[in-house]
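Taking it in order: structure first as structure tokens, then the write-up.
2 protein chains.
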Amino acid sequence: MKEYQVVGKSVRRLDALEKATGMGTFTTDLVLPGMLYAKVLRSPHAHARIVRIDTSRAEQLPGVEAVACFKNTTRKRFNHSATMTFTVPPMEAVLDECIYDDVVRYVGDEVAAVAAVSERIAEEALALIDVEYELLPAVFDPVKAMEPNAPDIHTRKAGCFLCGKNIPGEKIHLALGNVEEGFKESDVIIEETFYLPVQKQAQLETQAALATVSHNGDITVWSTTQTPHPTRQILSHIFEISQSKIRVLNPPYIGGGFGVRIGLSAKAEPIAVDLAMKTKKPVKIVYDRKEDFTSTDTRHSGIVTVKLGAKKDGTFQALQLKGLLNTGAYCSFGAETIGVLGAMGLSVYRAPHMLYTGNSVYTNITPAGAFRGFGNPQAMFAIESVVDMMAEQLGMDAKELRLKNIIKPGDPWILPYSCQSTGLTECIEKGAKEIGWERRGKLNKPGDRLRRGIGMAVGTHVSDAWPFCGDFSNAYVTIQADGSVHVASGVPDMGTGTRTTLGQFAAEVIGVGMEHISVTIADTQSTPFDIGSHASRTCYVAGQAVMQAAAEARSYALTYAAKMLNEPLENLTIQNAAVYCRGERKLTLAEVARHAHLHNEQFIGVGKVIPQNAPPWLAHFAEVEVDTETGQVRLLKLVAAHDVGKAINPVIVEGQLQGGVVQGMGYALSEEVLFDRDGRSQHDAYHKYMLLTAEDMPEIKAIIVEAEDPTGPCGAKGVGETGQVATAPAIANAIYDAVGVRLKQLPMTEERVFQALQNQLN
Amino acid sequence: MKEYQVVGKSVRRLDALEKATGMGTFTTDLVLPGMLYAKVLRSPHAHARIVRIDTSRAEQLPGVEAVACFKNTTRKRFNHSATMTFTVPPMEAVLDECIYDDVVRYVGDEVAAVAAVSERIAEEALALIDVEYELLPAVFDPVKAMEPNAPDIHTRKAGCFLCGKNIPGEKIHLALGNVEEGFKESDVIIEETFYLPVQKQAQLETQAALATVSHNGDITVWSTTQTPHPTRQILSHIFEISQSKIRVLNPPYIGGGFGVRIGLSAKAEPIAVDLAMKTKKPVKIVYDRKEDFTSTDTRHSGIVTVKLGAKKDGTFQALQLKGLLNTGAYCSFGAETIGVLGAMGLSVYRAPHMLYTGNSVYTNITPAGAFRGFGNPQAMFAIESVVDMMAEQLGMDAKELRLKNIIKPGDPWILPYSCQSTGLTECIEKGAKEIGWERRGKLNKPGDRLRRGIGMAVGTHVSDAWPFCGDFSNAYVTIQADGSVHVASGVPDMGTGTRTTLGQFAAEVIGVGMEHISVTIADTQSTPFDIGSHASRTCYVAGQAVMQAAAEARSYALTYAAKMLNEPLENLTIQNAAVYCRGERKLTLAEVARHAHLHNEQFIGVGKVIPQNAPPWLAHFAEVEVDTETGQVRLLKLVAAHDVGKAINPVIVEGQLQGGVVQGMGYALSEEVLFDRDGRSQHDAYHKYMLLTAEDMPEIKAIIVEAEDPTGPCGAKGVGETGQVATAPAIANAIYDAVGVRLKQLPMTEERVFQALQNQLN
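These protein sequences, in sequence, are chains A and B.
All residue numbers for the first sequence refer to my numbering, where the first residue is 254 and numbers rise by one.
All residue numbers for the second sequence refer to my numbering, where the first residue is 254 and numbers rise by one.
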């Protein structure tokens, strides 16, 4: 394995001090002279037409500078997710939204917004807006929404591409072999259906944006977006202003993301820009927590059916998967998520015959969109439950059954790129050892009230969005006249340590320590185009772009040093910020850079990367204790063994894995947004929404496996989303091991487990 | 001549609307949350040692957050001009300053600074700082300052390079042939000495900076600097922080410059940074007008002697020039200005024998530094006065004598680069025609009280600082996914229209209109290194970098379009934002860019330019009316005929020429800062300093001559400084024509003209 100086080391995060001291600047901290505050009036109805809206009383309130609604605002249709910026023909992005419409489609939908000199006045003004609604029939159940007599939530307006009753985008169909034949060849077939809940990202920082519009019409927006460059493109589309006249940037910190702001930060950016245009003043909008719960993307709830056929020896013969996702009132990433559900679900195991069909569907609830894993956790809860059932039915060890069937490089698979590496076997073996897999089935005595169980589940994911969507990164790396290095990349750091990781790549490639590195990110003015932070791509793709740019800058520096030293280039190298000639230290990089500066040269590198893709792999193991009297599940230990290719910064990678696992545990046991019969969210606050807390935490053991991928930067693969992919089924399988009940609906709350135990008794 | 679409057109300035509506943001407009205001305590003495300084009473004033003086502040030595960032070995920059020293060297020198929550409190606190001074002998006359018994203003501390008593840097010696031989061969020799005043830039916006220091120690400074990248380097040197951790930018507007902030904005940036470090809050400092007059660089006053020898037929045989410049209390650009005085003075005329010797000298007045023309106006006042005297003595027409002797390409000359173009003959002929040169000497009747005269003078200048100093530009040009173009260049736009001109280059090269262009300038984070705006270089050098970057971006776009169209690259071109194949419009650039975007490519160009140099040429003609009873000179007409190579934006070029001429007229007639016997400025406010006003203005006729230079972008040469080079001697020669008195001291005030007329009578 290659020896690295900076890569592979847990160097301190560049944001550590500012974060730890509370001094980092987030969008909500920004204040500009003369700035106004925006508040949004939201629909109390799940589906209604606005018959009349009178904003005059609100406009007359002293301190109010503008009131926006559908009547005085562009109705250019868009999609608040980044889909419209990277959907590749012949696929088409679904453009089903405008900032304010004359129809509201869920409780929380935008009706109007006020810009005022204070938040209090803006809030007061909302109450002065008179709206008369004509109620329309609403539908909340995704199956019912597809029925012929269901209300139409969207019509086929320009850009709102429907492929069936309330079905946005396309139905997905993925096939390998002939699944019917496969089932005929199978000795054992299991078919089960699973129900997935609405999960909320619940990221710490709510959606926020601050917009200014110059007298020239140039727009600047600081916001919480995970994708500044695509956000710029969406704003360009909405306001019909050229992209180069718009600047979007993070301020630079954003408090989490988990997919909730891939593209716009809900509608924070266009609401702020529109009001800034109307008032000619800076306008800031910060969603409150309730708005963040009710009016920003969630994880897709839905229904997944798995049919698995195997030979008696355990060889998988056929795998059929059906997905239905409830994308809520607007499509957002609905068309993509349903695709990833199928693609990822069918990429873990080798089987000659596979089939996936799936679609998303509109209902009158909060829109669902991107959330860490993007359909994959939904798929894997179903598949990994069924695989466990298959092991039981075959009388095989669940681990051995998986080891027998997991994908190996060269196996036929459904994905349009090749699998060039897998450390999944190592993940399974190491994880099993850590959890003590051999103890499975031997943990309880008959009659125990508290029963323990061990379960496992595996999965894979992507390292970027290619070739499903457009996906590319560019970067600049410049060496300053004192030898220090400036990196410019358009990706944000939403708390994942991007800035540090990208800095490590540059430091490694050039041959300097981190103290010489500064990194500018997430600013369309300072960086070349980057598709942004999503799809676990940042390290894998933006990292490659930075490495390429750094290599070019280094090459200029070495070529210059070769001239200075009158030595052939091939004898020279840079280490520890110095140029060495055949092992002898000759010049500091600062001396070379200063000399070049005085001879009119800066070493500038540009990186341009069209990525390949690489599957990361993971095996999760859970040990749980179930109280058979109450149904309460206590997590005792969670082992997450991940093939990350190469851990560029192991502590950051462990943090990513732990964070993912924690969200996965919440998905498994407690997190769910429910809507009442009128479509009102019942879980619209931290104190209502059941996030796990520190006291719920078991021992979490992240195990890093490094099966370096030839396509990755230093071998790295994606890691951002993987932590959450297989946590829930590992826990479900552990619960089954403990108490023999198979839960087919998430979250596996105390109530549901209790009910299942009751059903088992009857 | 090549046909251009955007270049050569007077397109509207990109800053026009914001400037005209007063909405442009300048440093003084910036407000950050928690920002403090700084005020500076300045020396009341011309030369003194600080024996004791007690800041405790000031520190105790409520609202005061820090007081800085030499005792608690770094004393790292620097030079507030950019000299230390581009002086090329074996030359050495003179580092003779620190932020606060224990010796003050002129009235206005920095003693201490206060950061407080309001300007008023900061001002009050200044009065509470107790300082005890030990007075030191001061010297104001540059000749006396070089005498052995003069006080030492600086000692040979580290970095303060002296080459003689109070002489900073090196004495300049430039020679061609043997000047003694030349005079022996001459039939007529004239030797005269001229006296030049302290002129002030009097730019509208005073020096200002706003600094923030993050908890990580990263520094951001918005300021009025003309050179953000070099300013970053100076701050890096002063505070010993790596360059990549510092960001310097304009906000983006600056209200003029004229050389007064090449490098630091006086000491605004380090004072603000130091106080921001001390208080951990943003700190803003805005010099008041008095501070701007007393404590920021002026034009060098001095003494220039010219000895010119000619054959009877008018052929110049020998030209000797001696310069002495008073650089005041700190060197600033003193070492460079004295060099440019000689180099430019000897580059206008052909003579086989030339010699220049000169040096700057310290005195205890306000430091002198860069000011539009940079030594050249001083040289040309002397030389062009003597050339006129020579014409009279030879009985030749002054225009014909000049036409006979001016440099032609290929002539031997003193400069280390070649002259590849000159339109000076055309300038002279066109200017002479415009002023009505043939009327010279025929304008007055005997006994007229008001007597008219016509005079002319010529000159040259540079298009950048190479190879006297380091000089280079880089640029990024990116084509966005909608075909719009983003240009990033490190040069500022200090009112000269840089942003527009650079945008025109990009538009021309790529083949789009200005509506597709946005330009980011003057931000070290968003742009690669650029040495900044000085030496008339911005259009000539930064323009080349932008053209190169644009050409690369265009080439990527065309290559991509060739693939799309399946056509050979050589058949394609871009015009009007569309790709044409053999004359037929095939695709819009937006379509190409969008297609490339969806296939993971952005068209990114990088420009890296090490410039050559090219002389611009100019001939000024003045018609004046002198009141023989009062000595008052009234300007009737000023013709400025300039060979600018190529006028990229003619209206901007005319504006530059007119502005230069106006400063030249003030230099000629009214502008002067005088110091009293204690070294106190007598002209430290707009109402004391005699700027010409609108009612003093004659008809000004700018004539653009375009002798394109092969080294310039589209043939352009420098234009920023040239307007002022020969205005004063043209006026002096016109006064002589009117009344027969030869003024050898500027400004030619009413009083001095009156005195000269009196002397003529006696």
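Beta carbons are placed, not taken as given, at the ideal position from N, Cα and C, and that holds for glycine.
Approximately 5 angstroms separates the beta-carbon atoms of residue 474 of chain B and residue 501 of chain B; this is inside 8 angstroms, confirming the contact.
At least one beta carbon of chain B lies nearer than 9 angstroms to the beta carbon of residue 855 of chain A.
The beta carbon of residue 941 of chain A sits closer than 8 angstroms to the beta carbons of 935 from its chain, once the five residues preceding and following it are set aside; these are given in chain order.
Residue 806 of chain A and residue 482 of chain A have their alpha carbons spaced roughly 24 angstroms apart. If you draw a straight line from the Cα of residue 280 of chain B to the Cα of residue 707 of chain B, it is about 44 angstroms long. Under the three-state reduction of DSSP, residue 569 of chain A is assigned to strand. Boundaries of the alpha helix (DSSP H) around residue 653 of chain A: 651–658. For residue 873 of chain B, the three-state secondary structure derived from DSSP is strand.
Here DSSP, grouped into helix, strand and coil, assigns residue 739 of chain A to strand.
Contact annotation for residue 341 of chain A against chain B: 851 [CB-CB distance below 7 angstroms, chain order]. Partner residues in the beta bridge of residue 602 of chain B, as assigned by DSSP, are B/659.
When DSSP assignments are scanned along the segment 469–555 of chain A, the uninterrupted stretches of beta strand (DSSP E) that are 3 or more residues long and fall wholly within it turn out to be 472–476, 499–502 and 536–539. Listed along chain B are 489, 495 and 496, each with a C-beta nearer than 7 angstroms to that of residue 735 of chain A. In terms of Cβ geometry, residue 916 of chain B and residue 976 of chain B form a close pair [threshold 9 angstroms]. Put simply, the backbone Cα of residue 286 of chain B is about 25 angstroms away from that of residue 774 of chain B. Closer than 9 angstroms to the CB of residue 285 of chain B there is at least one CB belonging to chain A.
Below 8 angstroms, too few C-beta pairs join the segment 710–726 of chain A and the segment 755–772 of chain A to call them touching: fewer than three. Here the alpha carbon of residue 384 of chain B sits roughly 13 angstroms from the alpha carbon of residue 320 of chain B. Assignment of alpha helix (DSSP H) within the segment 666–745 of chain A, counting only whole runs of 4 or more residues, yields 677–688 in chain order. By the Cβ criterion, the segment 561–571 of chain A is in contact with the segment 434–450 of chain A, since at least three pairs of Cβ atoms, one from each stretch, lie closer than 8 angstroms. Excluding five sequence positions before and after residue 456 of chain B, the CB atoms of its chain that fall closer than 7 angstroms to its own CB belong to 508, 509, 510, 511 and 513, given in chain order. Residue 428 of chain B is positioned such that its CB atom lies no closer than 9 angstroms to that of residue 521 of chain B. Here the segment 374–383 of chain A makes no contact with the segment 574–594 of chain A; the two share fewer than three CB pairs at distances below 8 angstroms. Distance from the CA of residue 814 of chain A to the CA of residue 476 of chain B, rounded to the nearest whole angstrom, comes to 35 angstroms. For the pair of segments examined, the segment 315–333 of chain B was found to touch the segment 361–373 of chain B: the number of CB pairs separated by less than 8 angstroms reaches three. Taking all protein chains shown into account, residue 486 of chain B has 16 or more neighbouring C-beta atoms within 10 Å of its C-beta and is therefore buried. Only exposed fits residue 1012 of chain A, as fewer than 16 other CB atoms lie within 10 angstroms of its CB.
Excluding residues up to 5 positions away in sequence, 334, 550, 585 and 586 lie with their Cβ nearer than 6 angstroms to the Cβ of residue 622 of chain A in the same chain. Judged by DSSP secondary structure, residue 848 of chain B falls within the alpha helix (DSSP H) whose first and last residues are 842–851. In the three-state reduction of the DSSP assignment, residue 607 of chain A falls in the strand class.
Ranked by Cα distance from residue 619 of chain B, the first of B/552, B/595 and B/661 is B/552. Residue contact with chain A for residue 741 of chain B: present (Cβ-Cβ distance below 9 angstroms to some residue of chain A). With fewer than three CB-CB distances shorter than 8 angstroms, the segment 646–665 of chain B does not count as touching the segment 841–852 of chain B.
In this structure, DSSP gives residue 309 of chain A a helical state, which the three-state scheme calls helix. Under the three-state reduction of DSSP, residue 752 of chain B is assigned to helix. Between the segment 625–637 of chain A and the segment 597–616 of chain A there are three or more inter-stretch CB-CB distances shorter than 8 angstroms, so the stretches are counted as touching.
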